[in-house]
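The structure under discussion appears below in the form of C-alpha cells.
Protein chains in written order, with this note's numbering: chain W, -14 to 99; chain X, 9 to 122.
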C-alpha cells in the first residue's frame, strides 16, 4: 500500500519564477493538505482540499494556490517566488474532513529559491 | 488563537532510561492532539493521537502520551529510550470545530545516547 508520494524531491528556482509541486495521497484518502516547513521550524498550514475545492486556508498570500484532481491527487503552485519561499513543502492526506482522523505526510519537496 | 508550545528545544536521555517530551496547548473547545516524529530529510510520521476517552493513549514504537485537561498538556513518554528514537518530535493540535488545520509546535530534538 503506497503512502503519500510527492514530486519532485528537490527543486531550485530563481526569484520571480513559478513552481508546481505534486502530491498523490495515500490509498483510500480523499483529503489533501499542504504545509510549509522552514528550516528549524514546525510545519505551517497552507491550505486543504476536499472534493476538488479549497476548504480551509492558512495565513499565506494569494501567490500560493492549489488544485485537487478527481483522483484526489493535488498540486501546489507558487507564483512570483521570493527567497523566503525556500522551505520543505509537505503534503498530507487523510480521510474526509472530520478532525478526528490523523494526517499522513509525504517525504516533502525541498524548494530552494536563489 | 490556537497554539502549541514545546518548551524544550532538546531533550537528552541515556538509552534505557525513561523519556518525556513536553507539550502544552491553547485551543478553544475540545482539542484534538497529535504527536509526530521527523527523521532527517524525511516527512513526518504519525505516532499517536488523543481525540476523546482515556487520558493515556498508546501509539507506535512503544510511545504513549498523557492528556491533562487542567494543565492543557499532552506530554509524550516512553518507558525505555532507544538510540534509534533520536529524532525531531512535533506536537500538534486542532480544535474540534476545525476541519483540517494542524497547528504545530516548534519541535523538540530528542537525543538518546548509548
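Note that beta-carbon positions come from the ideal geometry of N, C-alpha and C, so glycine has one too.
Put simply, the region 43 to 56 of chain W touches the region 15 to 31 of chain W. At least three CB pairs are less than 8 Å apart.
Under DSSP, the beta-bridge partners assigned to residue 76 of chain W are W:19.
The DSSP assignment places 49 to 53, 59 to 63, 72 to 79, 94 to 98 as complete runs of the beta strand (DSSP E) inside the region 45 to 98 of chain W, in order along the chain (cut-off: 3 residues).
Per DSSP, the continuous beta strand (DSSP E) segment holding residue 28 of chain X begins and ends at 27 to 29. In the displayed model, residue 11 of chain X falls within a strand according to three-state DSSP. With respect to residue 70 of chain X, residue 56 of chain X sits apart: the two C-beta atoms are not nearer than 8 Å. Within the DSSP bridge table, the entry for residue 111 of chain X names X:101 as partners. Residue 47 of chain X sits in coil when the DSSP states are folded into three classes, being neither helix nor strand. Remark: three or more beta-carbon pairs, one from each stretch, lie closer than 8 Å, so the region 31 to 51 of chain X and the region 79 to 97 of chain X are flagged as touching. The Cβ atoms of residue 94 of chain W and residue -4 of chain W sit closer than 8 Å to each other. With a beta-carbon spacing of about 7 Å, residue 57 of chain W and residue 17 of chain W fall inside the 8 Å limit used to define contacts. Burial of residue 100 of chain X is indicated by the presence of at least 16 other C-beta atoms within 10 angstroms of its C-beta. Boundaries cannot be given for residue 79 of chain X, as no beta strand (DSSP E) includes it and DSSP labels it neither H nor E. When 9 Å is used as the limit between beta carbons, residue -3 of chain W is near no residue of chain X, the shortest such separation being about 16 Å. When the five nearest sequence neighbours on each side are left out, the beta carbons in the same chain lying within less than 6 Å of the beta carbon of residue 32 of chain X are those of 13, 80, 81, in order along the chain. Annotated three-state conformation of residue 34 of chain X is strand, per DSSP. Annotated three-state conformation of residue 91 of chain X is helix, per DSSP. In the displayed model, residue 68 of chain X falls within a helix according to three-state DSSP.
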